[in-house]
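Here is the structure we will look at, set down as structure tokens.
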Amino acid sequence: MMDFNSDIATLEEDIQDFNIEKDVRTSLKTQEELDKLTVDETLNDIDRAVFILSSGQEVQCVSVIRHLPKLIRGWQNECIRRVIPKMKELLHTAGLDAQMAATEVFTTIAKDELLPIPVYTQHFLRTIITNVNTKDPIASNAWLDTLISVIHFMPRETVRREVLGLAIAKGQLSQPTASRLSCCSILGAVCSKFDTHVVKKDIVHTVKQLCQDVEHNVRACMCKHLHTIAATLGVEETRKLLLDEVLELAGDEESQVREAALEALLNMTKLLDDECLSQSVVPLVCKFCEQAVQTEDHTLLFVAGEFGRLCCNMTKNYNAEQRSWLLMTYRHLCTLGRPPAELGPPEGQGDLLSVSNLPLSSTQPPPSPNRPSVEKQEEYIECRRLCAYNFPALTLFCSPDAFEAELLNTASLFCSDNDSTVRKHFAAGIHEVAQALEAQAYLIHNHLVLLLRERNVPSVLEACLKRLPDTLTAVVVRGNLIDNQPHGVSELIGALLSAISRLEQQWTSAWRPLETLVTHLRRLPDVLTSDQIYYKFVPVVFKLLTTNRYLPVREAAACTVCVFIRHNKKQTLRNEMCDRLIQDLCYARSFRNRLLFFEACRHMMALFSRTFFKEHFFEHVLVLFNDPVPNVRLCLCKILPSMKALLKLPRDRALHGQLESSVRKLLSSEKDRDVSSTIRATILELDRTEVSMESLTQHLLLDADLQDQRKEEEERLLVAKEEKSRDEDARSLKSHASSHSSSSVSKSRSEKPHKLKKRSTTSFQSSTTSSSLKVNGSKEKEKSKSFQSLPSTNSSFLQGKDNVISSSSSGSLSVLYNMAPSNPHPPRNIVNHFSHTYLTGAANTASQGPSTALGHKGPQYPGHSLTQSRNSPSAPTSAFMGSLSQLSTSAPQASSKPSRKSERRRTTELTHSSSALDPSLIAEPRTRKNSAGSVSSTGSGGRVRHLPRRKSTVGSPLSSTSNNKTKKDKTTR
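Here the sequence shown is numbered in the numbering used here, starting from 1 and rising by one per residue.
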């Protein structure tokens with residue numbers, strides 16, 4: 001009980017502590033501090049700067065230093081006389097912030113040439129040289145970088161007088177290490193200001209002395225600047241004065257010095273002749289790489305990072321054995337840290353081997369431990385990452401013909417590496433690999449597909465997508481993927497669709513890669529056919545256009561759809577995509593989609609001719625004048641001047657009148673304040689927009705008119721090409737049909753006749769056959785006359801058949817679509833033109849219109865209205881083709897020529913001449929009258945009771961009609 005009471009007392013004390021009122025400062029600064037920060041407002045800029053530099057806070061001084069260029073531009077003399085001396089005094093005791101601000105300002109003044117060279121040298125350059133020796137290493141390095149930057153803007157005499165002597169003095173062995181390090185950097189900068197004679201006389205001696213310095217960091221720093229000195233000396237002097245020094249430093253005991261020396265050699269390869277490179281540099285490179293692989297020390301990562309330059313900078317100086325050895329070394333570096341189970345079969349002729357005339361040992365590098373440490377494993381991963389980065393350079397080093405044998409398996413290892421950064425580096429350079437392989441680019445098709453199907457990390461897919469058009473062009477076009485790998489294009493299409501699906505559904509937040517991919521889809525017409533794009537990518541892009549929640553993705557999809565429409569080769573499909581675009585955007589329920597319609601219109605105006613836009617989109621844009629959302633009407637006002645510029649009078653007088661009446665109606669009835677003000681500004685802009693006149697522009701054509709004529713001519717040629725191909729297909733089908741009928745006749749004539757039993761029976765059969773032929777001949781003439789009375793639809797039939805065959809044989813269909821030519825002139829009631837269901841098949845295809853890849857039904861057949869039922873009376877047509885199987889079994893269409901079924905009857909009677917038929921049993925073909933009163937055949941012909949025969953010839957026309965028995969015959973049997 002006592003413990004409980006004590007706990008309560010303690011809790012009450014704690015609660016009282018929370019309620020204690022504490023003294024809180026009412027302001028962040030005291031009055032004294034505020035007085036120090038207060039400046040008289042009556043002072044001008046120069047007086048205020050002098051006052052702050054004399055007695056202000058450090059933050060105020062930093063502000064004055066940053067505004068020094070502005071003061072020099074406005075009050076140059078006063079600033080030099082009063083402000084700059086105060087700033088010099090401040091820099092001796094100023095902190096790091098003021099020092100860093102001063103370094104940036106001094107560089108800006110020299111770069112912009114705000115002061116004359118003598119004035120800058122007196123007041124700024126000497127201050128920079130003085131502050132290089134400051135004790136703070138960060139500030140000292142900043143001032144040294146400023147001095148190196150300023151040297152490029154100083155004249156030669158000023159640099160020689162003010163800087164060169166100081167640099168040589170700093171490079172003496174008696175100077176501290178920091179001074180000798182700064183001397184190396186200064187000498188590398190000043191060499192570009194002098195000629196060969198001055199460098200050879202005054203600088204080379206100090207450079208050699210620094211290359212032999214006792215401190216390894218000084219030797220390494222001097223190596224980093226040797227290539228600039230060599231560029232000034234030239235080829236001959238470099239070989240005489242510097243080459244021996246660099247070769248000696250490449251064998252230094254410190255790895256840092258060896259790396260710097262090898263990098264200097266790589267930078268100096270253009271300054272050395274082929275003999276020097278082949279005899280001195282190439283053996284040194286091979287020895288350096290061998291030592292790094294065997295010891296796996298700090299130089300291993302340097303070799304992996306510079307392997308591309310080691311191979312490409314001296315590619316002409318390596319012999320065949322050295323090339324093979326370097327490639328094996330590279331493959332070894334690419335497999336470090338990976339278990340043997342993940343490695344495929346070795347490429348080339350084995351592992352690392354010793355090559356004659358190379359500084360290599362005959363032993364293999366020591367094997368890595370079974371379980372390396374974490375630090376070693378990270379080093380191996382970094383080594384593979386650097387090798388993946390250099391893979392394009394190794395592809396250039398290895399000839400395209402030898403790529404499959406040397407590096408193809410290595411590329412597969414990179415694509416399947418467990419570390420995502422390795423795959424990312426390889427994906428970022430795969431376009432360079434494809435371009436380097438040229439005609440052999442199809443070899444990396446599987447690697448590209450694997451990267452596009454990335455499942456774990458979106459950054460790998462994003463790296464692959466950045467240069468996707470270049471990669472696809474190199475692999476598909478230059479690599480001739482269709483001939484080398486028949487299924488390669490379909491695999492690429494599947495991989496691209498998989499990438500879109502994964503970015504949209506799995507990685508929903510990664511909208512930037514999806515935008516990049518949708519944007520790059522505009523280049524697909526360069527590598528794929530229009531049918532492949534239409535059936536595979538158009539539905540997906542339309543879905544992104546209306547369902548994706550990110551505006552940049554939808555805008556990219558709108559532009560991509562416009563490009564697909566532009567490059568489609570079939571007019572019916574172009575019209576269908578235009579109708580779908582109008583339906584999904586212009587007449588959408590969401591106002592966001594209607595806003596996106598204006599973006600699509602801008603792309604259509606840029607891609608197509610004025611005539612095309614006026615024919616398909618102009619009137620639909622005017623419908624949005626009645627939109628209930630003010631933002632839609634606001635965006636509509638911005639596009640009106642561009643639309644008026646498309647008109648040409650007097651041809652477009654009706655559209656011009658509609659535009660003016662719509663603008664006048666909107667101006668009088670608009671109630672929204674923003675839209676009202678915008679439409680008034682738009683009217684002024686419309687008044688300034690000139691409308692072209694046909695009579696005036698015929699002789700005077702601007703660049704825009706010429707470009708529009710070019711676009712219109714391209715569209716006209718595209719339509720003519722389509723019609724020409726359609727006619728050629730029709731002629732080929734007609735010739736195929738005639739050849740088939742002639743072959744069947746010749747085959748039936750070549751068959752052996754049945755054996756005759758009696759001579760009297762033979763004569764009777766021949767007489768009966770001749771009488772039946774006469775009767776059939778008269779009937780065929782009557783039949784042809786009845787067909788001639790009907791309108792000819794043979795061309796439309798062939799056209800529909802061609803469309804069915806092309807759509808079914810494209811090889812890229814995921815669903816069997818029954819395609820037919822849609823109405824070339826889309827109906828005005830576009831809302832009723834579409835249904836939002838995919839037609840993948842139905843029980844009764846004859847009662848449906850043709851389904852398309854866009855997922856909606858168009859008109860059931862050309863000339864057929866949308867509200868008209870399928871069973872309504874209409875002229876017979878053959879535009880709708882049910883399926884491929886119906887091409888041979890469907891009823892023949894009315895034609896001016898005899899139908900194929902009449903030819904079959906004639907062939908049948910000639911074939912079975914031995915089977916006598918009674919002329920009285922041959923009936924007239926059944927005919928009927930349609931609503932127009934014209935006679936048409938039912939397609940089944942007269943019902944004829946054939947005599948029983950023993951056997952029908954295989955492939956004869958009768959074999960297809962022998963099963964057409966009447967109900968009465970079936971019941972009798």
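Where a beta carbon is used, it is the ideal one built from N, C-alpha and C, also for glycine.
Residue burial annotation: Asn319 is exposed, with fewer than 16 other C-beta atoms found within 10 angstroms of its C-beta. One alpha carbon belongs to Leu247, the other to Pro486, and they sit about 53 Å apart.
Residue pairing from DSSP places Leu649 in a beta bridge opposite Met693. Below 8 Å, too few C-beta pairs join the segment 213-231 and the segment 273-288 to call them touching: fewer than three. Ser692 is classed as buried because its beta carbon has at least 16 other beta carbons within 10 Å across all chains shown. Taken through DSSP and simplified to helix, strand or coil, Pro486 comes out as coil.
By the criterion of at least three beta-carbon pairs nearer than 8 Å, the segment 701-708 is not in contact with the segment 651-665. Sequence-distant partners of Glu454 (beyond 5 residues in either direction) whose C-beta falls short of 7 Å from its own C-beta, in its chain, are Val460, Leu461.
Residue nearest to Glu263 within the set Leu310, Thr238, Val235, Asn217 is Leu310 (criterion: CA-CA distance). In this structure, the CA atom of Leu607 is about 22 Å from the CA atom of Leu624. Taking a cut-off of 8 Å on C-beta distances, the segment 551-559 touches the segment 587-606, as three or more cross pairs fall below it. Contact between Thr127 and Lys88 is confirmed by a C-beta separation of about 6 Å, below the 8 Å threshold.
For Leu34, the uninterrupted alpha helix (DSSP H) segment begins and ends at 31-37. Considering only Arg219, Ala261, Leu407, the residue with the shortest C-alpha distance to Leu333 is Leu407. With respect to the 8 Å criterion, Thr107 and Trp143 are not classified as neighbours on the basis of their beta carbons. Closest in C-alpha terms to Glu379, from the list His298, Pro392, Tyr330, Glu321, comes His298. Taken through DSSP and simplified to helix, strand or coil, Phe194 comes out as coil. Rounded to whole angstroms, the Cβ separation of Gln571 and Val719 is 6 Å, and the two are in contact under 8 Å. Fully contained in the segment 543-571 are the following alpha helix (DSSP H) runs of length 4 or more, in chain order: 551-567.
In this structure, DSSP gives Lys671 a state outside helix and strand, which the three-state scheme calls coil. Nearest neighbour of Lys569 by Cα position, chosen from Val632, Ile151, Leu528, turns out to be Leu528.
A straight-line Cα-Cα distance of about 32 Å links Leu413 and Ala261. Remark: three or more beta-carbon pairs, one from each stretch, lie closer than 8 Å, so the segment 608-621 and the segment 710-717 are flagged as touching.
When C-alpha distances from Glu113 are compared across Leu733, Gly165, Asp470, Lys70, the shortest belongs to Lys70. Cβ-Cβ distances below 7 Å link Leu524 to Ile533, Phe537 in the same chain, with the five nearest sequence neighbours on each side left out; the list follows chain order. Under the 10 Å beta carbon count, Leu343 is surrounded by fewer than 16 other beta carbons and is classified as exposed. The segment 667-675 and the segment 642-657 do not touch, with fewer than three beta-carbon pairs separated by less than 8 Å. Uninterrupted alpha helix (DSSP H) stretches at least 4 residues long and entirely within the segment 498-530 occur at 511-520, given in chain order. Excluding five sequence positions before and after Ala393, the CB atoms of its chain that fall closer than 6 Å to its own CB belong to Gly308, Cys312, given in chain order. Counted as a single uninterrupted DSSP element, the alpha helix (DSSP H) harbouring Glu263 occupies residues 255-267.
The Cβ neighbour count for Gln322, taken over all protein chains shown within 10 Å, is at least 16; the residue is labelled buried.
With 16 or more neighbouring CB atoms inside 10 Å of its own CB, Ala304 falls in the buried class. The closest CA to that of Leu91, considering only Thr134, Ile168, Glu12, Leu249, is found on Thr134.
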